[in-house]
Amino acid sequence: MKFVYIPKGVCSRQITVDVDDNGIVRDVKFIGGCNGNLKGISELVKGMKAEDVIEKLENITCGMKPTSCPAQLAQALKENL
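Counting in the numbering used here, the sequence shown runs from -8 upward without gaps.
Below is the structure:
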């Protein structure tokens, strides 16, 4: 299943996620945000179970913000799976 998520409270403007029928993350693409860091996050979560990605990323903050781009990826997975 491929879906697009519009993150809230962060620099990235869009996250495209592809999760297979077994709940494995196959691809993640961020638009906007810290390019190199988000490419790294995208590569690291490929092949992971979506539930594991959620568990690892959901409480990460960015500076003084109550959320982060990785936390928004976790939110996207929670809302769409």
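Backbone N, C-alpha and C define an ideal beta-carbon position, used for all residues, glycine too.
Buried or exposed by the 16-neighbour rule on C-beta atoms within 10 Å, applied to L72: By the neighbour-count rule (16 or more Cβ atoms within 10 Å), L72 is not buried but exposed.
Checking 9 Å against the spacing of the C-beta atoms, do K(-1) and T52 come in under that value? Annotated as distal: K(-1) and T52, with beta-carbon spacing of 9 Å or more.
Could you tell me the distance, in whole angstroms, from the CA atom of E46 to the CA atom of I22? Going by the C-alpha atoms only, they are around 23 Å apart.
Burial state of V(-5), where buried means 16 or more other Cβ atoms lie within 10 Å: Exposed, by the Cβ-count rule.
Can you tell which of S33, D43, C60, L29 has the C-alpha that lies nearest to the C-alpha of D9? Of the candidates S33, D43, C60, L29, the one whose C-alpha sits nearest the C-alpha of D9 is S33.
Would you report the Cα separation of G27 and Q63, rounded to the nearest angstrom? Across the structure, G27 and Q63 are spaced so that their CA atoms are roughly 17 Å apart.
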